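Just so you know, UniProt numbering puts 96 at position 96 of the sequence shown, and the rest follows in order with no gaps.
Here a beta-carbon is modelled for each residue, glycine too, at the ideal position from N, C-alpha and C.
Quantities reported herein were computed from a predicted structural model and do not represent experimental measurements.
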Amino acid sequence: MQIRRDDPAAPHVADLLAHHLGELRGHMAEFAFALDATGLSAADVTFWTAWRDEALVGFVALKRLDTGHGELKSMRAAPAARGTGVGRALLHHVIAEARRRGYDRLSLETGTADLHAPAVALYRSAGFIDTGPFADYRPSPHNQFLTLPFREPRCLVSS
1 MQIRRDDPAA
11 PHVADLLAHH
21 LGELRGHMAE
31 FAFALDATGL
41 SAADVTFWTA
51 WRDEALVGFV
61 ALKRLDTGHG
71 ELKSMRAAPA
81 ARGTGVGRAL
91 LHHVIAEARR
101 RGYDRLSLET
111 GTADLHAPAV
121 ALYRSAGFID
131 TGPFADYRPS
141 PHNQFLTLPF
151 REPRCLVSS
């Protein structure tokens with residue numbers, strides 16, 4: 001499998017991104033915060049695609065929230081590639097990139113519906129733990145928030 005930086009507005013991404021957005025919006029309505037191609041093209045977002053030979057098998061994005069905090073966005077394996085290690089490879093790629101950037105933690109927002117259970121299990125197997133809402137998110141029964149801390153929180157001690 002090859003993972004490469006890509007353009008979320010590229011024609012070869014359109015069908016898989018439309019599937020991703022349609023599925024999430026169909027289950028979560030106004031609580032689906034997945035980004036479309038315009039959002040995934042923002043300056044603070046890096047987007048990658050995963051390929052097996054000539055087949056697009058998934059994508060993932062990393063959003064910079066601040067100098068020490070990144071957000072995993074829009075991770076998706078193509079339906080035909082589910083259960084083949086694509087999600088794990090994309091997750092490991094984003095974790096490695098977040099560490100390389102020097103982030104203190106990597107967070108994500110995902111849903112609570114049954115369709116999210118495999119992804120949540122994957123995140124937990126990588127060390128993600130429950131956390132509260134971050135950035136501009138608000139709590140709801142349809143969303144859950146996870147974070148992967150890379151180092152101990154910084155403490156400021158005054159003398």
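By the CB criterion at 8 Å, PHE134 and TYR103 fall outside the cutoff. By the beta-carbon neighbour count (other beta carbons within 10 angstroms, threshold 16), GLY127 is exposed. Comparing alpha-carbon positions, the option among GLY132, PRO118, GLY111 and HIS20 lying closest to HIS142 turns out to be GLY111. Taking VAL60 as reference, the option from ILE129, ALA89, LEU146 and LEU115 with the minimal CA-CA separation is ALA89.
Of the residues ILE129, LEU108 and ALA119, the one whose Cα lies closest to the Cα of LEU35 is LEU108. By the 16-neighbour rule on beta-carbons within 10 angstroms, ASP6 is buried.
Straight-line measurement puts the Cα of MET75 at about 15 Å from the Cα of ALA14. Counting along the chain, PRO149 sits inside no alpha helix (DSSP H); it lies in the beta strand (DSSP E) bounded by residues 143-149. A distance below 6 Å between beta-carbons, with the five flanking residues on each side excluded, links PRO8 to the following residues of its chain, in chain order: ALA37, LEU40, SER41 and PHE47. Secondary structure at GLY111: strand, using DSSP grouped into helix, strand and coil. Annotation: ALA81 is outside any alpha helix (DSSP H) and is labelled neither H nor E by DSSP. Closest in alpha carbon position to ARG64, among ARG99, MET1, ASP53 and LEU21, is ARG99. Contact annotation: LEU16 and LEU56 have beta-carbon atoms nearer than 8 Å. A distance below 8 Å separates the beta carbons of ALA77 and VAL86. Linking ILE129 to PRO11 through their CA atoms gives a straight-line distance of about 35 Å.
Check the Cα spacing between THR49 and each of LEU148, MET1, ARG105 and ALA80: the tightest is with MET1.
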